[in-house]
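Novice:
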Amino acid sequence: MLTEPKTNNTETDPPNQPHVVAIFALVGMSITGLMAVVGLINKSFLLASTLFVASFTYFIGYYLYTRHGRTRLSSAIVIYSLYVLMVYLVFTGGVASTGPLWVFIVAPVSVYIHGLKRGLIDIAIFLSVICFIMYMPQNVLSQANYSPEFRIRFILSFLTVVFLSALYEYSREKWFNHTLELSKKYQQLALLDPLTKLSNRRNAQLLLQQERSRVTRNQSCASVLICDVDHFKQVNDEHGHSAGDIVLMELAKIFTHTIRHQDNVARWGGEEFLFILPQTNAPNAHVIAEKLRNAVAHHEFKVNDKKLKVTLSFGIAEIDTHQDIDQTINIADKHLYTAKNTGRNQVFPRAEGSQLKT
59 MLTEPKTNNT ETDPPNQPHV VAIFALVGMS ITGLMAVVGL INKSFLLAST LFVASFTYFI
119 GYYLYTRHGR TRLSSAIVIY SLYVLMVYLV FTGGVASTGP LWVFIVAPVS VYIHGLKRGL
179 IDIAIFLSVI CFIMYMPQNV LSQANYSPEF RIRFILSFLT VVFLSALYEY SREKWFNHTL
239 ELSKKYQQLA LLDPLTKLSN RRNAQLLLQQ ERSRVTRNQS CASVLICDVD HFKQVNDEHG
299 HSAGDIVLME LAKIFTHTIR HQDNVARWGG EEFLFILPQT NAPNAHVIAE KLRNAVAHHE
359 FKVNDKKLKV TLSFGIAEID THQDIDQTIN IADKHLYTAK NTGRNQVFPR AEGSQLKT
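Numbering (my numbering), first residue to last: 59 to 416.
(1) Enumerate, from N- to C-terminal direction, the unbroken alpha helix (DSSP H) stretches of 4 or more residues contained entirely within the stretch 245 to 289.
(2) Excluding sequence positions up to five away, which residues of its chain have a Cβ less than 6 angstroms from the Cβ of Ala375?
(3) Answer with buried or exposed for Gln404, where buried requires no fewer than 16 other C-beta atoms within 10 angstroms of its C-beta.
(4) Could you check if Ala182 is buried or exposed, using at least 16 other CB atoms within 10 Å of its CB as the buried criterion?
(5) Using the three-state DSSP reduction, which class does Ile317 fall into: helix, strand or coil?
(6) Measure how close the beta-carbons of Gly91 and Leu140 come, nearest whole angstrom, since I'm counting them as under 8 angstroms.
(7) Using the beta-carbon count (16 or more within 10 Å), is Tyr228 buried or exposed?
(8) If you draw a straight line from the alpha carbon of Leu350 to that of Ser278, how long is it in whole angstroms?
(9) Looking only at C-alpha atoms, which of Thr115, Gly401, Leu306 and Lys398 sits nearest to Glu329?
(10) Would you please state the rounded distance, in angstroms, between the beta carbons of Ala347 and Leu256? I believe it to be under 8 angstroms.
(11) So, do the stretch 367 to 384 and the stretch 252 to 272 have three or more beta carbon pairs nearer to each other than 8 angstroms?
(12) DSSP three-state label for Asn399, please.
(13) Here's a check: name, in chain order, each residue in its chain whose Cβ is nearer than 7 angstroms to the Cβ of Tyr146, leaving out the five neighbours to either side.
(14) Under the assumption that His289 contacts Asn362 (Cβ atoms under 8 angstroms), give the Cβ distance between them as a whole number of angstroms.
(15) Using 8 angstroms as the cut-off, can you tell me whether the stretch 300 to 316 makes contact with the stretch 232 to 250, which would need three or more C-beta pairs spanning the two stretches below that distance?
(16) Ser132 lies in the alpha helix (DSSP H); which residues open and close that run?
(17) Could you tell me how far apart the beta carbons of Ile137 and Ile89 are, in whole angstroms, since I believe they sit closer than 8 angstroms?
(18) Helix, strand or coil, according to DSSP, for Arg408 in the structure here?
(19) What's the gap between the Cα of Gln320 and the Cα of Ser223?
(20) Please go through the same chain and pick out, in chain order, the residues whose beta-carbon is closer than 7 angstroms to the beta-carbon of Phe117, but skip the five residues on each side of it.
(21) Cutting at 6 angstroms between CB atoms, please list the residues of its own chain near Val96, excluding the five before and the five after it.
(22) If you check the beta carbons only, do Val161 and Val148 fall under 9 angstroms apart?
(23) By alpha-carbon positions, which one of Pro407, Asp295, Arg402 and Val187 ends up nearest to Asn339?
(24) Are the CB atoms of Val153 and Asn100 within a distance shorter than 9 angstroms?
(25) If we ignore side chains and look at the alpha-carbon of each, how far apart do Asp286 and Asn276 end up?
(26) May I ask you to report which of helix, strand or coil DSSP gives Pro158?
(27) Quick check on Met192: buried or exposed, where buried means 16 or more other Cβ atoms within 10 Å of its Cβ?
(28) Take His371 as the anchor and find which of Ala355, Phe359 and Asp384 has the nearest alpha-carbon.
(29) So, helix, strand or coil for Pro336, using DSSP?
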């Protein structure tokens with residue numbers, strides 16, 4: 059059973075590199091601020107005022123991200139203030155009817171910040187508004203006058219940019235997801251025993267440290283079991299190493315089906331397995347160990363058309379906050395060797411009144 063160390067996650071950031079949102083906000087704040095100054099120089103006071111408001115809005119988005127880490131809120135401020143500004147520029151025409159030229163930045167920014175699906179939905183809504191403004195009768199409201207040729211070429215050019223932006227974002231997201239899957243795969247392989255698919259020794263040590271910390275923090279209990287396959291060398295010598303591998307893999311399946319949901323089992327090394335039992339004192343750990351021992355003792359292993367029987371020996375140690383993990387493991391190891399040296403196929407320390415298993 060592979061269990062990765064737990065981590066504490068606060069706000070989950072979108073996969074689109076959140077720091078880029080701050081760059082967008084900073085660039086938008088700078089450009090709109092500069093254009094506002096130019097507007098003042100040209101005595102276009104309404105346009106200058108609008109650009110100053112846009113610049114301040116971008117500043118708020120930048121501030122929220124850099125000071126408070128509000129990625130999602132900052133993203134919303136950046137993208138939707140951009141939409142409002144672009145609609146305003148198309149409606150008024152900007153300076154000498156050049157306002158629509160700025161609209162082409164909407165497509166790449168939208169799909170980058172909001173992702174492909176949501177970005178395309180936002181772009182479709184934005185384009186609908188733009189088309190409505192461009193084809194709105196002149197006598198309804200005072201607005202910029204665009205020729206029919208300009209309108210159709212502008213819309214086709216914008217759709218071309220949308221297509222290219224969507225294609226790039228699709229490729230980027232596909233690459234990102236592929237890289238993420240590879241990262242998860244290699245992370246699991248680093249914590250997984252390749253033969254049994256159980257946790258490996260490295261992962262088990264991490265889990266042991268976590269469990270000891272939990273015991274210390276909550277003043278609770280936990281135990282570890284170490285088991286060893288009895289006469290495993292004889293299995294390899296008589297039936298081959300492939301037979302030994304089959305036995306280990308079958309044991310892993312028995313363990314994972316027998317232990318409780320909160321327990322963890324790892325391949326500790328060779329034919330040794332380690333069990334981590336949260337909220338379990340030594341007497342209760344003995345009950346679990348006996349359940350495992352009995353399950354294996356009554357199981358028939360099919361190897362090369364032959365049936366084998368194997369048994370296990372167990373050592374128990376309860377986690378003590380006054381001892382480190384290595385000391386706890388050493389105690390379980392000593393108990394395991396006592397179980398093997400006094401007859402095998404048993405759990406040590408034995409429960410009161412129990413008899414030696416044969």
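From the three backbone atoms N, C-alpha and C, an ideal C-beta is built for every residue, glycine too.
Specialist: Working from what's here:
(1) 259 to 276
(2) Excluding positions up to five away in sequence, the list reads Val282, Thr386, Ile389 and Ala390.
(3) Classified as buried, Gln404 has 16 or more neighbouring CB atoms from the shown chains inside 10 Å of its CB.
(4) Flag for Ala182 reads exposed.
(5) coil
(6) Their Cβ separation, rounded to whole angstroms, is 15 angstroms, which puts Gly91 and Leu140 out of contact at 8 angstroms.
(7) exposed
(8) Between Leu350 and Ser278, the C-alpha separation is close to 24 angstroms.
(9) Leu306
(10) Actually they are not in contact, since the Cβ atoms of Ala347 and Leu256 sit about 17 angstroms apart, beyond 8 angstroms.
(11) The count of Cβ pairs closer than 8 angstroms, one atom from the stretch 367 to 384 and one from the stretch 252 to 272, reaches three, so the stretches are in contact.
(12) helix
(13) Thr108
(14) Wrong, their Cβ atoms sit about 18 angstroms apart, outside the cutoff.
(15) no
(16) Thr129 to Thr150
(17) The pair is not a contact, with the Cβ atoms about 15 angstroms apart (cut-off 8 angstroms).
(18) coil
(19) 47 angstroms
(20) Met87
(21) none
(22) At a Cβ-Cβ threshold of 9 angstroms, Val161 and Val148 count as neighbours.
(23) Pro407
(24) Contact annotation: Asn100 and Val153 have beta-carbon atoms nearer than 9 angstroms.
(25) 31 angstroms
(26) helix
(27) buried
(28) The amino acid at residue 371 is misidentified as His; the sequence shows Ser. For the residues Ala355, Phe359 and Asp384, the minimum Cα distance to Ser371 belongs to Ala355.
(29) strand
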